[in-house]
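> Before I ask anything, here is the structure I am working with.
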Amino acid sequence: MLLKKNIPIGYVFGKVKVELVIILLYSLAIAVIHEWFLEVPISIPLAVPAVLGTVISLLLGFRSNQAYDRWWEARQVWGAIVNDSRTLARQVLNFTGSQYEEDDVHIWRQRMIRRQIAWCYALGQSLRRLNPTIGLEKYLSRKEMEYLTRFNNVPMAMLDQHGKDLRRALEEGYINRYQQMEIDKTLTRLCDAMGKCERIKNTVFPSTYSLYIHFSLLLFIAMLPFGVIDYFGFLEVPLVVAISASFLLIEKMAIHLQDPFENKPTDTPMTAIAGTIEKDLKQLMHDQDLPEDKRQEKYYYIM
Amino acid sequence: MLLKKNIPIGYVFGKVKVELVIILLYSLAIAVIHEWFLEVPISIPLAVPAVLGTVISLLLGFRSNQAYDRWWEARQVWGAIVNDSRTLARQVLNFTGSQYEEDDVHIWRQRMIRRQIAWCYALGQSLRRLNPTIGLEKYLSRKEMEYLTRFNNVPMAMLDQHGKDLRRALEEGYINRYQQMEIDKTLTRLCDAMGKCERIKNTVFPSTYSLYIHFSLLLFIAMLPFGVIDYFGFLEVPLVVAISASFLLIEKMAIHLQDPFENKPTDTPMTAIAGTIEKDLKQLMHDQDLPEDKRQEKYYYIM
Amino acid sequence: MLLKKNIPIGYVFGKVKVELVIILLYSLAIAVIHEWFLEVPISIPLAVPAVLGTVISLLLGFRSNQAYDRWWEARQVWGAIVNDSRTLARQVLNFTGSQYEEDDVHIWRQRMIRRQIAWCYALGQSLRRLNPTIGLEKYLSRKEMEYLTRFNNVPMAMLDQHGKDLRRALEEGYINRYQQMEIDKTLTRLCDAMGKCERIKNTVFPSTYSLYIHFSLLLFIAMLPFGVIDYFGFLEVPLVVAISASFLLIEKMAIHLQDPFENKPTDTPMTAIAGTIEKDLKQLMHDQDLPEDKRQEKYYYIM
Amino acid sequence: MLLKKNIPIGYVFGKVKVELVIILLYSLAIAVIHEWFLEVPISIPLAVPAVLGTVISLLLGFRSNQAYDRWWEARQVWGAIVNDSRTLARQVLNFTGSQYEEDDVHIWRQRMIRRQIAWCYALGQSLRRLNPTIGLEKYLSRKEMEYLTRFNNVPMAMLDQHGKDLRRALEEGYINRYQQMEIDKTLTRLCDAMGKCERIKNTVFPSTYSLYIHFSLLLFIAMLPFGVIDYFGFLEVPLVVAISASFLLIEKMAIHLQDPFENKPTDTPMTAIAGTIEKDLKQLMHDQDLPEDKRQEKYYYIM
Amino acid sequence: MLLKKNIPIGYVFGKVKVELVIILLYSLAIAVIHEWFLEVPISIPLAVPAVLGTVISLLLGFRSNQAYDRWWEARQVWGAIVNDSRTLARQVLNFTGSQYEEDDVHIWRQRMIRRQIAWCYALGQSLRRLNPTIGLEKYLSRKEMEYLTRFNNVPMAMLDQHGKDLRRALEEGYINRYQQMEIDKTLTRLCDAMGKCERIKNTVFPSTYSLYIHFSLLLFIAMLPFGVIDYFGFLEVPLVVAISASFLLIEKMAIHLQDPFENKPTDTPMTAIAGTIEKDLKQLMHDQDLPEDKRQEKYYYIM
């Protein structure tokens, strides 16, 4: 699905550009004062920032772990959506008896599978707070499009439409009662996946933790030049900037990872995944109209 | 569901206000004595509090992890309640055959879905030790309200009512035997979610761990001024207060996170989640009477 | 279920009383020798015990995590028992058709639910290595009591009785074939919960790990006075005792948490949980004979 | 199931005997050279091995965690085997209608349950790379024994025999179609448990990790005497041996824990667990021929 | 399945060969300059690299954990594929009634099981970005081979063929409706396993984390010689190389573990596992044509 693409170095450091310039000026000022102007010693033992460094390392470790878990769970949920979309297509295509190869069943199958493709796009767009129905006219009938606009939660309404179509299929005799239950279980799993995405989207990481870590980090960086000025002199400046960059980048990384649906370049590649689902499901339907590779994903770096 | 709201700085530091004032006076007294009165050295090597600092960091890391896990599990359970409420509504609406569009089935569907909405509110209120039936008269009949007051555990009784209604639906022929089993599985998952909330609510974090960590922390803070007084002089006071604030805040944070149903501003936003469920389920029923945004949640900061 | 109760300070420190007295005498002896008798220096650099301290902190962290996981899993399993007991009652009450409101079905329901209550008490007692059948005569017939005494594993035999009663219900036509399967799934989950409790009970934590950690801790404590005697003099004694108490308590805590069914005051509150189940299930049966709060639990502190 | 037995101290230290003697001689040589022969200083600052000590602690923590997880998963899988064996017995005994109490059904039940007992022993023996069919003649017919010898994977073939017997039971009308599916699910879970054991058995821990940790540990031990010789003189020898023993033991412990099916004294007690299953299942069948306590397990210390 | 094989030492160090030569030259240059040419002191306190060392240790621990989890999850998924392949074979062989022992059913069974064997090989090959259909002509008909080449995702198409064959079996009366649903659940699990492999394959580890850790490591190594040159002189060179090798190897190890399907010697042994599945399934079919041990796996070291 995803290819490894290089991340431009500018992009990486761009996130902490402002902070690094300030730290550069700050540590330079200290070095100038220490070397040229001041007589009284201003250095402190390195052990003082080192104690803070240990605490901050542990807290950044904790934070990185939780952020990574959120990001990885988001990726797992979208992996499960791939699996269950394929399962739904397999069930819809193969549960309906081969004797019903006439038009009605064929239309029903097409409608179910196209709606499933649309559901994946709609879920991705609604998680990014975009209009979920944009671009779905390729997969849904005009009537269904109109019906869906009445709902706040469009993907949920589409699962309900799936359920209504299952009932129709049972009443028409396309599927039997056990098959209805089995496909309904697949819908339940899709409903769970949708809810898990919403949970990750809507639950912010405890922000007091973030605040505390950020303040501790600033305290640590402010003390660092005093701890190393005696040994390094002007070489202190690049050293402090380099160490600060490390800590700030790891903090920023955690901040970005923890919100995997925020419409940022480092997002979960939902449109690409939905494109893969579309390609797979259309091939199962023997539909030749495969989607070209999605262009709108190209600005999304893969993290 | 939830929006990021700013946490007032006063709220954050308010929790450790008293402790910080005491630490301020304590470290100030030591600085005054050291600088103005005393001749004999009272400083100790920084390595002594540093050893304690490492141990405490590890223990706070352990504690933060467990507290976060409890909080995140609480959030996951409520996410599962959202999913299973939607699944229940989808099953109730779509299992009942479309030929039964007459009034009886319609009333049955309405009763099931309204009770499910009420169940979410009731569970949230009973986890906060409030009267679980307050405000449920909008969703339940007077007779059912009266019946429920006989029970200690109101949400459990409501699931039992769901079960009774399922039996009635089977006997009336609204649903078939497989569908009864499938909806019953959804009830089982809701019952599990309820029990998980009760487990988190009722199991206190091993309090001897908390005690030990708190005492170690006090010992560490008491030794800190002696470790840095030689290098910092009066600057020791803000340094000690800042480091103490970090450690105390991280401890307080863990204490709040570990009890996510305690009716505090940093609570799991159960009423807001139940409101979302109400909106979704009513739209599925084509009920126009959507709830306005819940006002009582506005004092709950999102953590 | 559980209320936060204060843990008497004597109870907490009582567990490490003997060790602390020995450490007190040991560090006092070293201080006396150092201050009054000896000329040659006996202090060692603090870095030596500090290295050991880091290793021990990491190992205690590992141990605390595993012990906490065992304890929390035990609590989760009993939470699942609560859920599945309620589910069993809901299924037993609501699967049996309302047209069978005559006595036979009523007796069958009562027997199933009362046996489930008894099963919870029996499991708790057998995990504590008490006679599992004590006090069950309130819930079971005399004949069933006699039958059960033939088994080594009484709770397993009771699940088998549940299974036999399900067969009877199917043969009598109280429940249909799907319902038998669905209730059997609930029995399977109860069987799993029972087996998980037995696994936690019967699998000791790798004892060589415990041994190693304990010996390292003693080595660390033995070296500690020599590391701090130079800076603290007689103040070394309370410092060493306080730090040793911290480490010993955290070790003891892990030892207690890791065996959650050992009939100790810090046990998993199985009798209280079984009492909650009894109350809930009896209310579902409209049985007025609710249990009074269990008195025998009062000596069990909640950890 | 398992009782806590003391681990002879000789057994514990026997594993690192050779290493400790070498370290003893090595550190003794350094002490002799330093004290009696050499004039030039050979000590190095303790901070150098201390840095390595921190890295090694973290890596040993990582390794202990993964090894413990493998060991605990092995134990969980065998706990699940206990649960599913009991579930299989309950289903086999109680699904077959009570009206079929004639001989055929009885023989069928006996065959299923005895084969399940045999399966547990066979799985344990094949995981220990012993002949899996040894001792199974007590539970299986001669014909079935012969049939099984044709298979590389005997436990898999026994599950297939279970499946064939289920088909026979359906064709004879002992069980209905739903019951066949439900028992088949139990077989699926047993098949999963078997595969999980094979996975743990056949996947070696990434050996380059082990190599790296071992080499780092040797480097650390080699540098340790130089770091402490200045402060301790000849007392350095027991100190170095004690610290080395701690690190080596924790490494050895992880190596043993990570392979829980290697026919070593610290093995997962599979034969004892199979004995428990045999006793439980025979009591459910009202079979008086209970197994005596397994003697061959007595050399297996419980870790 | 897998045997422990020795990893040639050259292979282990070969991965970091270039880096180590550069570090050797670098540290040698510093030693030469310090010992022979320079008068001014160039050493820095060891505490400066030590602070970085702690941070890097924690980050490498985090990275090793996540990489190990990916690798272990990959192994678990392939373990589940083993289990579900056996389950599918057991169901296909034993659900079809024994009265249908005529040719048609036999051919259907053979086709299903041979396709399942082929599916395992195809999945392994497509995860390694090889042509998935190579070598499958032994298991599949020519017609099916041709059909499969039309699909981008061959294993998905094979599961769809499984589904079509199930429908045919239902229509022919080989299996009943419940059995179709039960085998379909096994297909769903296989579909999930396939999707999980694709997720691990296609999701790169957040590359900014990797970059950050790598840069911090280089900074640490660059500072290390200056930290120890005063104590060791020329002995500094092997020490720096040894410590650098440790850190670089642990980083490389994580990089290899995190991508378990990259066609490298340290890969997940997918072909060997598929060979095991082939052997097991053919024995269940009483097919004598067992595969010889796969030769192409011999260059794959087991990690």
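Listed in order, the protein sequences are those of chains S, B, W, F and E. So the first sequence is numbered by full-length UniProt numbering: it starts at 1 and just counts up by one. So the second sequence is numbered by full-length UniProt numbering: it starts at 1 and just counts up by one. So the third sequence is numbered by full-length UniProt numbering: it starts at 1 and just counts up by one. So the fourth sequence is numbered by full-length UniProt numbering: it starts at 1 and just counts up by one. So the fifth sequence is numbered by full-length UniProt numbering: it starts at 1 and just counts up by one. Every residue, glycine too, gets a C-beta built ideally from N, C-alpha and C.
Can you tell me whether residue 269 of chain S is buried or exposed, with buried defined as 16 or more other CB within 10 angstroms of its CB?
By the 10 Å Cβ count, residue 269 of chain S comes out buried.
> Is there a Cβ from chain W that is less than 8 Å from the Cβ of residue 157 of chain F?
Chain W, which has no Cβ nearer than 8 Å to the Cβ of residue 157 of chain F, makes this no.
> Indicate whether the contact test is met: 3 or more Cβ pairs, each with one atom in the segment 206 to 219 of chain W and one in the segment 82 to 89 of chain W, closer than 8 Å.
No, because fewer than three Cβ pairs between the segment 206 to 219 of chain W and the segment 82 to 89 of chain W fall closer than 8 Å, the two stretches do not touch.
> In the segment 189 to 214 of chain B, which residues sit with their C-beta less than 8 Å from some C-beta in chain W, listed in chain order?
The segment 189 to 214 of chain B vs chain W, Cβ under 8 Å: 191, 192, 194, 195, 196, 198, 199, 202, 203, 204, 206, 207, 208, 209, 211 and 212.
> Could you work out which residues of chain F lie near residue 66 of chain W, taking near to mean beta carbons separated by less than 7 Å?
Within chain F, the residues near residue 66 of chain W are 68.
> Of all the options B:259, B:250 and B:104, which has the alpha carbon lying nearest to the alpha carbon of residue 201 of chain B?
The residue with the shortest Cα to Cα distance from residue 201 of chain B is B:259.
> Using 8 Å as the limit for Cβ to Cβ distance, is residue 176 of chain F near chain W?
Residue 176 of chain F counts as touching chain W.
> Note down, in chain order, each residue of its chain lying with its Cβ closer than 6 Å to the Cβ of residue 52 of chain E, except the 5 sequence neighbours on either side.
Cβ within range, chain order: 220.
> Rounded C-beta distance between residue 140 of chain B and residue 109 of chain B? I'm assuming under 8 Å.
Not quite, the Cβ-Cβ distance comes to about 15 Å (not below 8 Å), so this is no contact.
> Residue 141 of chain S by DSSP, collapsed to three states: which one?
In the structure shown, residue 141 of chain S sits in coil (DSSP, three-state: anything other than H, G, I, E or B).
> I'd like the span of the alpha helix (DSSP H) that includes residue 43 of chain S, first residue to last.
First-last for residue 43 of chain S: undefined, no H or E at that position.
> Between which residues of its own chain and residue 245 of chain S is the CB-CB distance below 7 Å, once the five residues before and five after are set aside?
So the qualifying residues of the chain are 16 and 20.
> Is residue 247 of chain F buried or exposed, if buried means 16 or more other CB atoms sit within 10 Å of its CB?
Per the 10 Å Cβ criterion, buried.
> Quick check: is the beta carbon of residue 171 of chain W nearer than 8 Å to any beta carbon in chain F?
Yes, its Cβ sits closer than 8 Å to a Cβ of chain F.
> Is there a Cβ from chain W that is less than 8 Å from the Cβ of residue 145 of chain B?
Output row for residue 145 of chain B: interface = no.
> Please list the residues of the segment 244 to 257 of chain F that have a C-beta atom closer than 7 Å to any C-beta atom in chain W, keeping them in chain order.
Residues 246, 249, 250, 253 and 257.
> Can you round the beta-carbon distance between residue 158 of chain S and residue 148 of chain S to whole angstroms, since I take them to be within the 8 Å contact cut?
The Cβ separation is near 7 Å, so the contact holds.
> Does residue 193 of chain E pass the burial test, meaning 16 or more other C-beta atoms within 10 Å, or should it be called exposed?
Residue 193 of chain E comes out buried.
> Ends of the alpha helix (DSSP H) at residue 225 of chain E?
Unbroken alpha helix (DSSP H) run through residue 225 of chain E: 207 to 232.
> Between the segment 73 to 80 of chain B and the segment 176 to 196 of chain B, do at least 3 Cβ pairs fall closer than 8 Å?
These segments touch.
> Between the C-alpha atoms of residue 44 of chain W and residue 225 of chain W, what's the straight-line distance to the nearest angstrom?
Roughly 9 Å between the two C-alpha positions.
> Can you tell me the Cβ-Cβ gap for residue 30 of chain E and residue 241 of chain E, rounded? I've got them flagged as a contact below 8 Å.
With 8 Å as the limit, residue 30 of chain E and residue 241 of chain E do not qualify as a contact, their Cβ atoms being about 12 Å apart.
> Residue 252 of chain E: which of E:68, E:285, E:239 and E:54 sits nearest, CA to CA?
Considering only alpha carbons, the answer is E:68.
> Any Cβ of chain W within less than 8 Å of the Cβ of residue 304 of chain F?
Outside the shown range of chain F, which is 1 to 303, sits residue 304 of chain F, and nothing can be said about it.
> What does residue 228 of chain W touch in chain B if you count any residue whose Cβ is under 8 Å from its own?
Under the 8 Å cutoff, chain B gives 48.
> Among F:47, F:36, F:175 and F:32, which residue has its Cα nearest to the Cα of residue 231 of chain E?
The shortest C-alpha separation from residue 231 of chain E is found at F:47.
> Of the residues F:33, F:27, F:61 and F:14, which one's Cα is nearest the Cα of residue 210 of chain F?
The residue with the shortest Cα to Cα distance from residue 210 of chain F is F:61.
> Which bits of chain S does residue 316 of chain E rub up against, with CB to CB less than 9 Å?
Beyond the ends of chain E as shown, which are 1 and 303, falls residue 316 of chain E; an answer cannot be given.
> Does the segment 117 to 128 of chain W come into contact with the segment 164 to 180 of chain W, if we say contact requires no fewer than three beta-carbon pairs (one atom in each stretch) closer than 8 Å?
Flag = no, the segment 117 to 128 of chain W and the segment 164 to 180 of chain W do not touch.
> Considering only the beta carbon of each residue, do residue 146 of chain W and residue 161 of chain W sit closer than 8 Å?
No, they are not a contact pair.
> Buried or exposed: which applies to residue 171 of chain F, given that a residue is buried once 16 or more other Cβ atoms fall within 10 Å of its Cβ?
Label assigned to residue 171 of chain F: exposed.
> Is residue 96 of chain F helix, strand or coil by DSSP?
It is coil, neither helix nor strand.
> Spatial neighbours of residue 205 of chain F within its chain, please: C-beta separation below 6 Å, excluding the five flanking residues on both sides.
Cβ neighbours of residue 205 of chain F beyond the five flanking positions: 258.
> Which residues in the same chain have their Cβ closer than 6 Å to the Cβ of residue 181 of chain E, if we skip the five residues on either side of it in sequence?
Closer than 6 Å at Cβ, skipping near neighbours: no residue.
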